[in-house]
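> Yeah, the sequence shown ends on 51 if you go by numbering that gives the first Met the number 0, and it's all consecutive. Below are the C-alpha cells for one structure; questions will follow.
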Amino acid sequence: MSEVMEPVVSVETAKSLGLLEEEYEQIKKYLGRNPNFTELSVYSVMWSEHCS
C-alpha cells in the first residue's frame, strides 16, 4: 500500500482556499505549528461566510 502525500502548505495555499494571510497566521498560532492541507481546508470551510 502506497502512502498518499499531502501538498506542502503555504500562505499561497491558504489564499487559494479563500483565507487571508492574517487568518493563516492565526491558524498556525492556534495549532502551534503549520497546518497540513486537510486541516487548512477544514478551517477554510469553517471560517467561510456561507458556513458561519
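Cβ coordinates follow ideal geometry from the N, Cα and C atoms, glycine included.
Secondary structure at L39, three-state DSSP: helix, strand or coil?
L39: helix per DSSP, three-state reduction.
> Would DSSP call M4 helix, strand or coil?
Three-state DSSP puts M4 in coil, outside helix and strand.
> Mapping DSSP to helix, strand and coil, what is L30?
Here L30 sits in helix by DSSP.
> So, for E20: in the same chain, excluding its five sequence neighbours on each side, which residues have a beta-carbon less than 6 Å away from its beta-carbon?
Hits under 6 Å: V10.
> By a C-beta neighbour count over all protein chains shown, 10 Å radius and 16 as the cutoff for buried, is S43 buried or exposed?
Buried.
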